[in-house]
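Below: one structure, written as structure tokens.
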Amino acid sequence: MRTRGSQIKAYELSTLGGTQVMLLIVSETGNVSTFATQKLQPIITSEEGKALIQMCLNSPDSCPSLSDNSGDPLSATGFEETDNIDVYHDSKILHKRKKNMAQVTTNTVETITITRPLKVIALICGLIVIVLMLMTLTSTDWLLSAGWRQGLFSHCIALHAPTPLPFNVPNNGPDCYPTREVGYIRVAAALCIVTLVTDIVATLLTGLGLRSKDQRTKYKFYRVAVYVMLLSLLSLLIALIVYPVCFAAELNLGNRTVWEFGWAYGVGWGAGIFLFGAVVLLLCNKESEEIYYKERKVTSSA
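All residue numbers for the sequence shown refer to this note's numbering, where the first residue is 95 and numbers rise by one.
Structure below.
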């Protein structure tokens, strides 16, 4: 049984022998209820005890003494009046309140942010894309044929390469030279650079979102990161599609019968897969999955 919002008067009674017991007097609309330890209960239920309780209620600063069966006089000391305290009709719990009589318990709601692994994986995907795009941009193994390697910024001629060279390029000896002045190669290179830059920005925003403690700021970072990463993905897909399509249009100038795309072109598609995965992870991880509310009781000294 619980009584809430009653007027409570608390007494700590001490005997001369050093024994301490607890007495609570609860007054509700004129009705008086008492709660005490088992040692004190027989005393306060007596006629003399009832008189003591009534006098303490009327004049708390001048409580008289009361003797128990052992002959030790009891005196009320440490009087304290409190409001809005939960009182339990349980001698064990009441005994605990003896120790916590001068403490106040309040309930607080804590906001707990749990970092979900999906956003961490999205960050890792962004970092992997940076590495893959650097490999793709610096490689000359986009397009391969006999004695010929072509990348986005340069092409290389192998030793003893069959002539004529592809696309009627002058044979200046085995070496690497700046790429041909062809529109689709320049467009693909520019789009891959855009992909690298935007992915770096999106990855940085994702990291800032993971680090931020403010929920509004956190999800602003995530939302912008998704848009930037989508731009990065679209740029890469356009580059990977434009390059082979436009190359097929000038295939008759290749002077080779066998052509194949190198590992660098495949790495570009790998970067696209990781970009797509990062976008999906950022979109799927909703706000409600990260925020939890926990009620906590805080006890402080009065």
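From the three backbone atoms N, C-alpha and C, an ideal C-beta is built for every residue, glycine too. Just so you know, these numbers come straight off a predicted model, no measurement behind them.
- Counting only residues of its own chain and dropping the five nearest sequence neighbours on each side, P260 has a CB closer than 7 Å to the CB of S239, W242, G348, N349 and R350.
- DSSP places S233 outside both helix and strand once states are collapsed to three, so it counts as coil.
- Non-local beta-carbon contacts of G362 in its own chain, meaning distances under 6 Å to residues more than five positions away in sequence, involve T230 and L334 in chain order.
- For the 9 Å CB-CB criterion, V214 and L324 do not form a contact.
- W357 carries a helical assignment under DSSP once its states are collapsed to helix, strand and coil.
- Rounded to whole angstroms, C219 and A252 show a C-alpha spacing of 36 Å.
- Contact between V276 and L369 fails: their C-beta atoms lie close to 26 Å from each other, not under 8 Å.
- S326: member of the alpha helix (DSSP H) spanning Q309 to A343, first to last residue.
- For C286, same chain residues with a beta-carbon under 8 Å away, outside a window of 5 residues either side, are M227, T230, L231, L246, S329, L330, A333 and G362 in chain order.
- With a threshold of 16 other beta carbon atoms within 10 Å, K312 meets it and is buried.
- In the structure shown, L238 adopts extended strand secondary structure according to DSSP, grouped into three states.
- Looking at the DSSP output, H254 bridges to nothing.
- Counting only residues of its own chain and dropping the five nearest sequence neighbours on each side, T273 has a CB closer than 6 Å to the CB of F247, S248, H249 and I279.
- For T289, the closest C-alpha among the options W353, K307 and V322 is that of V322.
- Just so you know, the alpha carbons of N265 and Q244 end up roughly 15 Å apart.
- For L237 and G371, the gap between their C-alpha atoms comes out near 27 Å.
- Annotation: the continuous beta strand (DSSP E) that includes P272 extends over D269 to P272.
- Taking the Cβ atoms as the reference, V263 lies roughly 43 Å from V320, outside the contact range of under 8 Å.
- Per DSSP, the unbroken alpha helix (DSSP H) holding T289 starts and ends at G277 to R305.
- W353 and A282 have their C-alpha atoms roughly 19 Å apart.
- With a cutoff of 9 Å on beta-carbon distance, C270 and T234 are scored as near each other.
- The beta carbons of A255 and P268 sit closer together than 9 Å.
- Here T257 is exposed. Its C-beta has fewer than 16 other C-beta atoms within 10 Å.
- Distance from the CA of A358 to the CA of I367, rounded to the nearest whole angstrom, comes to 14 Å.
- When beta bridges are read from the DSSP output, R243 appears opposite L238 and C250.
- In this structure, T297 places its C-beta atom within 9 Å of the C-beta atom of L221.
- Non-local beta-carbon contacts of A365 in its own chain, meaning distances under 7 Å to residues more than five positions away in sequence, involve V223, L226, M227, T230 and L330 in chain order.
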